[in-house]
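Going by this note's numbering, the first residue of the sequence shown is number 0, and it counts up by one from there.
Worksheet: one structure, shown below.
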Amino acid sequence: MYIRVLIVFFVLAAFLIQSGCSKEASAPQQRPAPEVTVVTVTPRDIPYTPSFVAQTESSRQVDIVARISGFLDRIAYQEGDLVKEGQLLFQLDQKPFKAELEAARGVLQAQQARFKTAGANLKRVKPLTEQNALSQADLDRAQGEFDAAKAAVFAASAKVKEAELNLGYTTIRAPVTGLASRSLQREGTYVNAMAETAKLTYVAAIDPMWVTFSVSQNQMARIREESQKGSIIQPKSQDYEVELVLPDGKPFAERGRINFADPSFSQDTGSFMVRAVLPNPNRELRPGMFVTAYVKGGLRPDAVVIPQLSVQQGSNGHIVYVIKPDGTAEVRPVVVGDYEGEKDIVILSGLQAGDQLVVEGMLKVVPGQPVKIVEPAVDNDKAAAAKPDMAAQN
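Pasting the structure below:
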């Protein structure tokens, strides 16, 4: 009997122990708070530097067109090279125009001789008419011959000038300093001044260079609205400076100024054109290049600038995770503005000074749950680069 009671006791004890262990094993374990790095919002003044896709354009592109018809004797420049103002580009056949000039000069000499004779005759007729030796009709006739001879001299002189101009037009020189394009005609071609063959090439001035870009209606409306609110302070007298970034990502050494803004929007694109002029002494810019133009001169006072990594795209716009005073995370919608450098972005609304934002580790964050704030990981490459400097200081 005693042994039976002991057996029952041990069976019950084993059952209770097993039951307790199973309950303990099935109890949910508390999830550890995810580790995150944060940044504290600190408003500061920053330059307002909007960027635009821009295209370079010659500040003075001149079509080289033949002003007279003739055979092309010579192409006197290296196609694609820089030419100086006044440099010979093309030479047309001069022989027929020299002959025309000589003929015009001969006609002028003949008319001058006629004029001289008519003048002498008029001098003889006048006193004889006064003495009634000749009639008034004789005087009128002499006067008419004199006037006609004088007019003929003027006409012949004009023909000489015309012939001289035509002869001069056979020599075609560069009107500006710039890059000369390929020749559209070859030596021996008959160039018709009244046809398409009249265009021979073009010369594009590249120093200074123009850069044009477009500002849309939406961009202009946003800039105007932010300026009225004081979020953007425009420079006095609208004195903007323009910097360029080349297609390879390198900055262009020279800076320029805006020298023209179209007064009206394009009906086709809904934007208006802005033009800047920049020096180009090394001919690094060529017409037709696509570059990025940064317009400097404005200011954003007390701007909220945060890392781009802290901003996510939500279903209804951009969001960030803000750490509340109790250590939990909450979702905060924000309105983003322009990029600031390569890693930051401007927040137009949704944040205020002192807010703590999650930067790294946000994929583990659950809204309403606590998080653990840790220091950002040290960049080993930067740390290694800094060690020699620290050693040198010691």
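A virtual CB, placed ideally from N, CA and C, is assigned to each residue, including glycine.
Since the structure is predicted, the reported quantities are computational estimates derived from the model, not experimental observations.
If you check the CB distance, V321 and L347 do not come in under 8 Å. In this chain, the beta strand (DSSP E) harbouring L87 covers L87 to L91.
Beta-bridge partners assigned by DSSP to G313: G316. Within the same chain, S68 and A197 come within 7 Å of N191 by CB-CB distance, once the 5 residues on both sides are set aside. Here DSSP, grouped into helix, strand and coil, assigns N258 to strand.
Under the three-state reduction of DSSP output, D325 falls in the coil class, being neither helix nor strand.
Of the residues A179, Y239 and V38, the one whose Cα lies closest to the Cα of S57 is A179. In the structure shown, T39 falls within a strand segment according to DSSP collapsed to helix, strand and coil. Taken in chain order, the complete alpha helix (DSSP H) segments of 4 residues or longer contained in the region 159-233 are 216-228.
Sorting T48, A132, E99 and P33 by C-alpha distance to the C-alpha of A157 places E99 at the top.
Between A75 and L88, the C-beta spacing is below 8 Å. In this structure, V210 places its C-beta atom within 8 Å of the C-beta atom of V290.
Within the same chain, Cβ atoms closer than 8 Å to the Cβ of K323 are found at E329, the five residues on either side in sequence being excluded.
A straight line joining the alpha-carbon of G229 with that of T55 spans about 33 Å. Counting the other Cβ atoms within 10 Å of the Cβ of P207 gives 16 or more, which makes it buried. Annotated three-state conformation of G69 is strand, per DSSP. Between V276 and V214, the CB-CB gap reaches or exceeds 8 Å.
Collapsing the DSSP output to three states places R282 in coil. Only buried fits Q110, as 16 or more other CB atoms lie within 10 angstroms of its CB.
Residue D72 holds the alpha-carbon nearest to the alpha-carbon of G187 among D72, Q351 and R43.
The beta carbon of Y201 is closer than 7 Å to those of Q60, V61, D62, I63 and S180 in its chain, skipping five residues each way along the sequence. The Cβ atoms of V40 and I372 lie no closer than 8 Å to each other. Relative to the Cα of G269, the nearest Cα in the group N217, L362 and G353 belongs to N217. Per DSSP, reduced to three states, the secondary structure at D139 is helical.
Separation of the CB atoms of D44 and D301 is rounded to 7 Å, and the pair is thereby assigned contact status at 8 Å. Of the candidates F114, Q237, F153 and Y168, the residue whose Cα lies closest to the Cα of I257 is Q237.
The DSSP-derived three-state label of L350 is coil. Excluding five sequence positions before and after Q233, the CB atoms of its chain that fall closer than 7 Å to its own CB belong to S226 and G297, given in chain order.
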